[in-house]
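Engineer: Here's a structure for you.
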Amino acid sequence: MSDKQTNLMITKEFLKPKSIAIVGGSEDIQKPGGKVLKNLLDTNFPGHLYAVNPKADTIQGIPCYRKVEDLPRIDVAILAIPARLCLQAVKVLCAEKSAKGIIIFSAGFSEESESGAALEKEIRYVADTYGATLIGPNCVGYMNEHYSGVFTTPVPRFVPDSIDLISGSGATALFIIDAAVQLGIPFASVFSVGNSAQIGVEEALAFLDESYVHGKSAPVKLIYAESITDPVALCKHAASLYRKGARVAAIKAGSSEAGSRAASSHTGALASPDVAVSALFEKAGIIRCYGRNQLLTVACILLRGVPEGKNICIVTHAGGPAVMLTDVLSEGKVNIPTLQEDQQKKLLENLYPGSSAANPIDFLATGTAAQLGYIIDFIEKECPEIDGIPVIFGSPGLVPVHDVYDLLHEKMSTCSLPIYPIFPSTGNVLEEIREFQKKGRIYFPDEVVFGKALARVLNTPPPAEEEIDIPDINHKAIRNIIDKASEGYLTPDLVSALLDAAGIPRAKETIVREESELEKAATEIGYPLVMKVIGPVHKSDVGGVRLHISDHNTLRQTFKELMKIPDSTSVLLQAQLSGRELFIGAKREVPFGHTIVCGLGGIFVEVLKDISTGLNPLSKEEATRMVHRLKGYGLIKGVRGQEGVNEDLFIQAICRISALCTTAPEIAEMDLNPLLGTPRKVVAVDARIRIEKL
532 MSDKQTNLMI
542 TKEFLKPKSI
552 AIVGGSEDIQ
562 KPGGKVLKNL
572 LDTNFPGHLY
582 AVNPKADTIQ
592 GIPCYRKVED
602 LPRIDVAILA
612 IPARLCLQAV
622 KVLCAEKSAK
632 GIIIFSAGFS
642 EESESGAALE
652 KEIRYVADTY
662 GATLIGPNCV
672 GYMNEHYSGV
682 FTTPVPRFVP
692 DSIDLISGSG
702 ATALFIIDAA
712 VQLGIPFASV
722 FSVGNSAQIG
732 VEEALAFLDE
742 SYVHGKSAPV
752 KLIYAESITD
762 PVALCKHAAS
772 LYRKGARVAA
782 IKAGSSEAGS
792 RAASSHTGAL
802 ASPDVAVSAL
812 FEKAGIIRCY
822 GRNQLLTVAC
832 ILLRGVPEGK
842 NICIVTHAGG
852 PAVMLTDVLS
862 EGKVNIPTLQ
872 EDQQKKLLEN
882 LYPGSSAANP
892 IDFLATGTAA
902 QLGYIIDFIE
912 KECPEIDGIP
922 VIFGSPGLVP
932 VHDVYDLLHE
942 KMSTCSLPIY
952 PIFPSTGNVL
962 EEIREFQKKG
972 RIYFPDEVVF
982 GKALARVLNT
992 PPPAEEEIDI
1002 PDINHKAIRN
1012 IIDKASEGYL
1022 TPDLVSALLD
1032 AAGIPRAKET
1042 IVREESELEK
1052 AATEIGYPLV
1062 MKVIGPVHKS
1072 DVGGVRLHIS
1082 DHNTLRQTFK
1092 ELMKIPDSTS
1102 VLLQAQLSGR
1112 ELFIGAKREV
1122 PFGHTIVCGL
1132 GGIFVEVLKD
1142 ISTGLNPLSK
1152 EEATRMVHRL
1162 KGYGLIKGVR
1172 GQEGVNEDLF
1182 IQAICRISAL
1192 CTTAPEIAEM
1202 DLNPLLGTPR
1212 KVVAVDARIR
1222 IEKL
């Protein structure tokens, strides 16, 4: 958990300043201090502008002071000076000039050295002391409809109810904005948080959540993050925004797989940091994206309106792009339902010969604007099963097609279904598209990018419930075991005690250390038996598991063989059960908490890696979703006369493991592999738990 104040409000002066000082202002617009001043002037900042530079009286036509001590009172200060000079400047600006907003472009802080980190911390302390909002250092700035406090271009068009962008990378923010400007996509605000000394990704999102007013605030929040320092806050505020009517889409870059390679359990190897990020985003209702184009495309879909269901009707005048869009949507589990024969027949009566009305609806390259309008109206009124309409329209450049773009603009305003205009040939219809954009419209240049983005939007579930019902488990017994346990793998008796306390059914078993104890133990459990060596971590790898033990002679001989295995200390006797092999695991992944993993056991987890992951604590709905999305889910339901598994008991076991991890956060890794499932019961047969004290 971060030590930052996640409820820190961003000051009103920072958001809408009446005066701004550029410390390090310059005539040279190729320098940050010169470029930010030019941006403020070019965008007609309505308040007072001042510069600070020891060598000038005016810069770019505005008053310039030789030192910060000479400035009048100001609302926001933008620093473009060497790092070593920033602390003293911030002290004067906050204490003497009443500054309530500080933006530091300068590098040379925590990203470079320990001394830089210490300097950054002192600046944060000063800003906190005087109640000032601090952005940066090492950032490109902040901008909204009131001012452009950045040293980069282009500066986008600002519309309050559009998109808020939060980026941990200034360069990435710039590249996202550059692409957005070309597509005519507006923004409400842009946070480039840099080193996040005070305001980071989580703090900016918290502010956007706490200040959100549906219908007035931006309904789309985009995030680019290279680190997540406070996943609890990120999840809380993303989920809160979802419930208020906004959506969050994010890129999380830089997740490492190195930690998982050294893990000693199946779960440890499978539940990588990146898997934890995906689990966090799913719990929060965040749409995860994997590139700038996908992020912007998702944003455009959210602005246009999300279909209420997954049934899509593609309208096109070109076959190839429609086929590619159909493929990518189908791969993304989005439906392209074939229209009924009577619907097709009625449609074709008003289209040119050779047109297709099955879905995609292809009205040919010679199709007219009137035909396109007829098709859209028909889908809306006669096809109640359809939830959204992508329209692919390009042009060979033979004749002007303003009427098509005018019609699309009209239908996007009146149609009850969301229409997504896809324009593959922008060069031939540049003038028409510019007119389309001037009307405030956004289009999609690539059908495949659009299709993948739409699938991501439609396949991202709502956030988990705010209050999760945790199964009733024996907290006192669990804490008693964990508090007394040493670090490392627990002994089988302690593992069994933890499973019992968590309410996980397990196979009847006992531990035998001496040959003289064998027959009594075997009689109590009953044949057939499984015998497992205790000591080596990976029993199967050393031949330490023997099945189908059904008589006393085999029992004694197997015991002797197992005890000869290096590191063996005893042998576990266990009732041999039958059923479908299942798998549940858990791994603590700092700073996310525990990832909970489930799947089918045996080859399905070891070779095929068919698993589902969720972030602790899990609701019953989340655990159910995890089970349903397994590729081998059909085996759990039962196929071709084979018995399935009691799905409810499997889900219940997953929730109980989640509750166990909540009570015992010291659990570093856990494998229940296998559990055996039948229509009547789900029983743990083998388990390993490794403890790391916090």
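Per our numbering, residue 532 is the first one in the sequence shown, and the count goes up by one each step.
From the three backbone atoms N, C-alpha and C, an ideal C-beta is built for every residue, glycine too.
In angstroms, rounded to a whole number, what distance separates the CA positions of residue 589 and residue 595?
Structural biologist: Position 58 of the sequence shown, counted from the start, is the residue given in the question as residue 589. Position 64 of the sequence shown, counted from the start, is the residue given in the question as residue 595. Going from the Cα of residue 589 to the Cα of residue 595 covers about 5 Å.
Engineer: Considering only DSSP beta bridges, list what residue 689 is partnered with.
Structural biologist: Along the sequence shown, one-based indexing puts residue 689 at 158. Note: residue 689 sits in a beta bridge opposite 718.
Engineer: Grab me the residues of residue 799's own chain with a C-beta within less than 6 Å of its C-beta, minus the 5 sequence neighbours each way, in chain order.
Structural biologist: Residue numbering aside, residue 799 sits at position 268 when the sequence shown is read from its first letter. With a pLDDT of 46 at residue 799, under the threshold of 50, the modelled position of this residue cannot be trusted, and the question is left open.
Engineer: Enumerated in chain order, which unbroken segments of the beta strand (DSSP E) with a length of 3 residues or greater are wholly contained in the segment 616 to 675?
Structural biologist: Annotation note: the segment 616 to 675 contains the following uninterrupted beta strand (DSSP E) runs of length 3 or greater, listed N- to C-terminal: 632 to 635, 664 to 666 and 672 to 675.
Engineer: Within its chain, find whatever has a CB closer than 6 Å to the CB of residue 1105; leave out the 5 residues flanking it on each side and keep chain order.
Structural biologist: Reading the sequence shown from its first residue, position 574 is the one you call residue 1105. Setting aside the 5 residues that flank it on each side, residue 1105 is surrounded in the same chain by 1038, 1040 and 1061, each with a C-beta closer than 6 Å to its C-beta; the list follows chain order.
Engineer: Please name the residue in 946, 606, 1075 and 930 whose C-alpha comes closest to that of residue 961.
Structural biologist: As a first step, residue 961 is located in the sequence shown; it is residue number 430 there, counting from the start. Per the Cα distances, 930.
Engineer: Let me confirm a value: residue 792 is counted as buried when at least 16 other C-beta atoms fall within 10 Å, else exposed. Which label applies?
Structural biologist: Mapped onto the sequence shown, residue 792 falls at position 261. Bear in mind that a pLDDT of 45 at residue 792, under 50, signals an unreliable position, so the model cannot answer this.
Engineer: Just to confirm the assignment, what range does the beta strand (DSSP E) spanning residue 680 have?
Structural biologist: Within the sequence shown, residue 680 is the residue found at index 149, counting from 1. 679 to 681 is the span of the beta strand (DSSP E), which, as asked, contains residue 680.
Engineer: Can you give the Cα-Cα distance for residue 1156 and residue 631, rounded to whole angstroms?
Structural biologist: What you label residue 1156 is simply residue 625 of the sequence shown in a count that begins at 1. What you label residue 631 is simply residue 100 of the sequence shown in a count that begins at 1. Those two C-alpha atoms are separated by around 46 Å.
Engineer: Excluding the 5 residues flanking residue 917 on each side, which residues of the same chain have their C-beta closer than 6 Å to its C-beta?
Structural biologist: By 1-based counting over the sequence shown, the position of residue 917 is 386. Contacts found: 842, 844 and 910.
Engineer: Please state whether DSSP places residue 569 in a helix, a strand or coil.
Structural biologist: As a first step, residue 569 is located in the sequence shown; it is residue number 38 there, counting from the start. Reduced to three states, the DSSP call for residue 569 is helix.
Engineer: Should residue 871 be labelled buried (16 or more other beta-carbon atoms within 10 Å of its own) or exposed?
Structural biologist: By one-based count along the sequence shown, residue 871 stands at place 340. Exposed: under 16 other Cβ atoms inside 10 Å.
Engineer: Determine the closest residue to residue 581 out of 549, 1036 and 652, with distance taken between C-alpha atoms.
Structural biologist: By one-based count along the sequence shown, residue 581 stands at place 50. Residue 581 has its Cα closest to that of 549, out of 549, 1036 and 652.
Engineer: For the 8 Å Cβ check, are there 3 or more pairs between the segment 1166 to 1174 and the segment 1138 to 1150?
Structural biologist: As far as the Cβ criterion goes, the segment 1166 to 1174 does not touch the segment 1138 to 1150, which means the pair count is below three.
Engineer: According to the Cβ coordinates, are residue 1222 and residue 1080 closer than 8 Å?
Structural biologist: Start at 1 with the first residue of the sequence shown, and residue 1222 comes out as number 691. Start at 1 with the first residue of the sequence shown, and residue 1080 comes out as number 549. No, Cβ-Cβ distance for residue 1222 and residue 1080 is not below 8 Å.
Engineer: Would the segment 643 to 652 and the segment 607 to 624 be scored as touching if the rule is three or more Cβ pairs under 8 Å?
Structural biologist: yes
Engineer: Is the separation between the beta-carbon of residue 1230 and that of residue 611 shorter than 8 Å?
Structural biologist: In the structure as shown, the chain starts at 532 and stops at 1225, and residue 1230 therefore has no counterpart that could be examined.
Engineer: For residue 790 and residue 893, I'd like the C-alpha separation in whole angstroms.
Structural biologist: Numbered from its first residue, the sequence shown carries residue 790 at position 259. Numbered from its first residue, the sequence shown carries residue 893 at position 362. Summary for residue 790: the model assigns pLDDT 41, below 50, so the residue's position carries little reliability, and this model does not support an answer.
Engineer: With a threshold of 16 other CB atoms inside 10 Å of the CB of residue 927, please say whether the residue is buried or exposed.
Structural biologist: Position 396 of the sequence shown, counting from 1, holds the residue named residue 927. That one is exposed.
Engineer: Quick one: Cα of residue 838 to Cα of residue 591, how far?
Structural biologist: Taking the first residue of the sequence shown as 1, we reach residue 838 at position 307. Taking the first residue of the sequence shown as 1, we reach residue 591 at position 60. The C-alpha of residue 591 is placed about 50 Å away from the C-alpha of residue 838.
Engineer: If you drop the 5 nearest sequence neighbours on each side, which residues of the same chain put their C-beta closer than 6 Å to that of residue 644?
Structural biologist: As a first step, residue 644 must be located in the sequence shown, where it is residue number 113. There are no such residues.
Engineer: Grouping DSSP H, G and I as helix and E and B as strand, with all else coil, what is residue 855?
Structural biologist: Here the question's residue 855 lines up with position 324 in the sequence shown. It is helical.
Engineer: Could you check whether the segment 657 to 665 touches the segment 694 to 710, counting it as contact only if at least three pairs of C-beta atoms, one from each stretch, sit closer than 8 Å?
Structural biologist: no
Engineer: Less than 7 Å between C-beta atoms, sequence neighbours within five positions excluded: which residues of the same chain meet that for residue 938?
Structural biologist: In the sequence shown, counting from the first residue as 1, residue 938 sits at position 407. So the list reads 900, 903 and 904, once near-sequence residues are dropped.
Engineer: Rounded to a whole number of angstroms, what is the C-alpha to C-alpha distance between residue 936 and residue 702?
Structural biologist: What you label residue 936 is simply residue 405 of the sequence shown in a count that begins at 1. What you label residue 702 is simply residue 171 of the sequence shown in a count that begins at 1. Near 34 Å, if we compare the C-alpha coordinates of residue 702 and residue 936.
Engineer: Less than 8 Å separating the beta-carbons of residue 1188 and residue 1127?
Structural biologist: Walking along the sequence shown from the start, residue 1188 turns up at place 657. Walking along the sequence shown from the start, residue 1127 turns up at place 596. Closer than 8 Å, so yes.
Engineer: Out of 876, 891, 813 and 824, which one is the CA nearest neighbour of residue 849?
Structural biologist: Here residue 849 refers to the residue found at position 318 when the sequence shown is read from its first residue. The option with the nearest alpha carbon to residue 849 is 891.
Engineer: Using three-state DSSP, classify residue 780 as helix, strand or coil.
Structural biologist: Here residue 780 refers to the residue found at position 249 of the sequence shown. DSSP places residue 780 in strand when its eight states are reduced to three.
Engineer: Mind checking which residues open and close the alpha helix (DSSP H) that includes residue 936?
Structural biologist: Against the sequence shown, residue 936 aligns to sequence position 405. It spans 933 to 945 - the alpha helix (DSSP H) in which residue 936 sits, taken as one unbroken run.
Engineer: Would you decide whether residue 814 is buried or exposed? Buried here means 16 or more other CB atoms lie within 10 Å of its CB.
Structural biologist: Taking the sequence shown and counting its residues from 1, one reaches residue 814 at position 283. So residue 814 ends up on the buried side.
Engineer: Roughly how many angstroms lie between the CA atoms of residue 635 and residue 1072, to the nearest whole one?
Structural biologist: Along the sequence shown, one-based indexing puts residue 635 at 104. Along the sequence shown, one-based indexing puts residue 1072 at 541. Taking the straight line joining both Cα atoms gives about 57 Å.
Engineer: Could you tell me which residues DSSP pairs with residue 579 in its beta bridges?
Structural biologist: Translated into the one-based positions of the sequence shown, residue 579 becomes position 48. For residue 579, which the question treats as bridged, DSSP gives the partners 550.
Engineer: List the DSSP bridge partners of residue 1192.
Structural biologist: Taking the sequence shown and counting its residues from 1, one reaches residue 1192 at position 661. Paired residues: none, contrary to the question.
Engineer: Using only CA atoms, which one of 693, 714, 716 and 722 lies nearest to residue 704?
Structural biologist: Within the sequence shown, numbered from 1, the residue matching residue 704 stands at position 173. It is 722 whose Cα lies nearest to the Cα of residue 704.
Engineer: Between residue 996 and residue 809, is the Cβ-Cβ spacing less than 8 Å?
Structural biologist: Locating residue 996 in the sequence shown gives position 465, counting from the first residue. Locating residue 809 in the sequence shown gives position 278, counting from the first residue. No. Outside cutoff.
Engineer: Would you check if the distance between the CB atom of residue 754 and the CB atom of residue 779 is smaller than 8 Å?
Structural biologist: As a working note, residue 754 is residue 223 in the sequence shown. As a working note, residue 779 is residue 248 in the sequence shown. For residue 754 and residue 779, yes; Cβs fall inside 8 Å.
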